[in-house]
DNA sequence: TAGCATCTATTACGATTGTAGGTGGAAATA
DNA sequence: TATTTCCACCTACAATCGTAATAGATGCTA
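Protein chains in written order, with this note's numbering: chain A, 1177 to 1304; chain B, 1177 to 1304.
And the structure:
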């Protein structure tokens, strides 16, 4: 399981750790908007499961509370996400782009940004 | 359940109907590559579940075999897919594009195609 | 120190997904 | 017609996910 598959809720928990550094369960729970915030033990369960998947680990303890930190990087998790998503489209990029554009998810600005990113990237690769 | 969520296998079954027209279970099963092809009854189970979700229906009968046809359009299904996917990224397009580019899934040609699509689309919208 | 608040650890349960076996009936074929 | 093949329908089961309750341990506070 080199790149574990994470569900949406698991992703949200990882996001808390990625952007907020090592956190306790309670702190992770509080990163969710009050409206519809999952119960403490729900977050706890998911954290334990993420631990089993080696996506995070117990870094240290404060009082009797464990502090968890991400093991899996945001980038790796998102790579897996993208791969699965492309798999849903038969691995072909074209229909994905078409869908994004048709549905209005992809704006002209996004495309311009993408071009710039591509340019920067190919430059970096040449330099390296 | 206006736009039902479909799993990967369900998607593949729908894909068979979208591209192959109304089909019997056996025919759907045979659209899968021999290597790793799911059992007949596996396909059957998924078809029944898609029926419950109103993603397809029994169109007619040939002999004692039912012929199924898609009710849900490919476009609608993919829209749902994209929405869920974006939801995983917090609904922001930017990190998605960044990820696609970093991972090499999005090539310069894809971006050029995207531009053309965007132009055509804005033209069509103006005309309409 | 007694009690309240907070954590941990364990257990449970329904829904969804992928997987498929078994049984009985219908159709094609020998 | 007898037999083989195919199909429909029902049932089952393990894994994952979201949800959370409960019980027991620990730590803070009056």
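We treat Cβ as the ideally placed atom computed from N, Cα and C, and that holds for glycine.
Not one beta carbon of chain B lies nearer than 8 Å to the beta carbon of residue 1206 (chain A).
In the three-state reduction of the DSSP assignment, residue 1200 (chain B) falls in the strand class, which pools E and B. An exposed status is given to residue 1228 (chain B), since fewer than 16 other beta-carbon atoms sit within 10 Å of its beta-carbon. For secondary structure counted as the beta strand (DSSP E) over 3 or more consecutive residues, the stretch 1180–1242 of chain B holds these complete runs in sequence order: 1232–1238.
Residue pairing for residue 1244 (chain B): DSSP places it in a beta bridge opposite B:1199, B:1234.
Taking C-beta atoms under 8 Å as the contact rule, residue 1296 (chain A) and residue 1273 (chain B) fail to qualify, at a distance of about 13 Å. With 16 or more other Cβ atoms inside 10 Å of its own Cβ, residue 1246 (chain B) counts as buried.
As the crow flies, the alpha-carbon of residue 1213 (chain A) is around 20 Å from that of residue 1198 (chain A). Around the beta carbon of residue 1288 (chain A), fewer than 16 other beta carbons lie within 10 angstroms, which makes this residue exposed. For residue 1290 (chain A), the uninterrupted alpha helix (DSSP H) segment begins and ends at 1284–1303. For residue 1263 (chain A), at least one C-beta of chain B is nearer than 8 Å to its own C-beta.
Residues of the stretch 1275–1293 of chain B with a C-beta atom less than 7 Å from some C-beta of chain A are 1275, 1276, 1277, 1279, 1281, 1282, 1284, 1286, 1287, 1289, 1290, 1291, 1293, listed in chain order.
For residue 1221 (chain B), the closest of B:1301, B:1202, B:1238 by C-alpha to C-alpha distance is B:1202. Neighbours of residue 1270 (chain B) in chain A, taken as residues whose beta carbon is under 9 Å from its own, are 1286, 1289 in chain order. Put simply, of A:1278, A:1264, A:1242 the residue whose alpha carbon is nearest the alpha carbon of residue 1301 (chain B) is A:1278. Cβ contact annotation for residue 1292 (chain A) (same chain, cutoff 8 Å, sequence separation greater than five): none.
8 Å or more divides the Cβ of residue 1190 (chain B) from the Cβ of residue 1257 (chain B). If you ignore the 5 residues before and after residue 1194 (chain A), its C-beta comes within less than 7 Å of the C-beta of 1246, 1250, all in its own chain and listed in chain order.
The DSSP-derived three-state label of residue 1279 (chain A) is coil.
The Cβ neighbour count for residue 1215 (chain A), taken over all protein chains shown within 10 Å, is under 16; the residue is labelled exposed. Residues of chain B with a Cβ closer than 9 Å to the Cβ of residue 1184 (chain A) are, in chain order, 1260, 1263, 1264. Nearest Cα to residue 1243 (chain B) within the set B:1205, B:1282, B:1283: B:1205. Annotated three-state conformation of residue 1250 (chain B) is helix, per DSSP. Contact check for residue 1275 (chain A) and residue 1188 (chain B): beta-carbon distance about 17 Å, past the 8 Å limit, so the pair fails to qualify.
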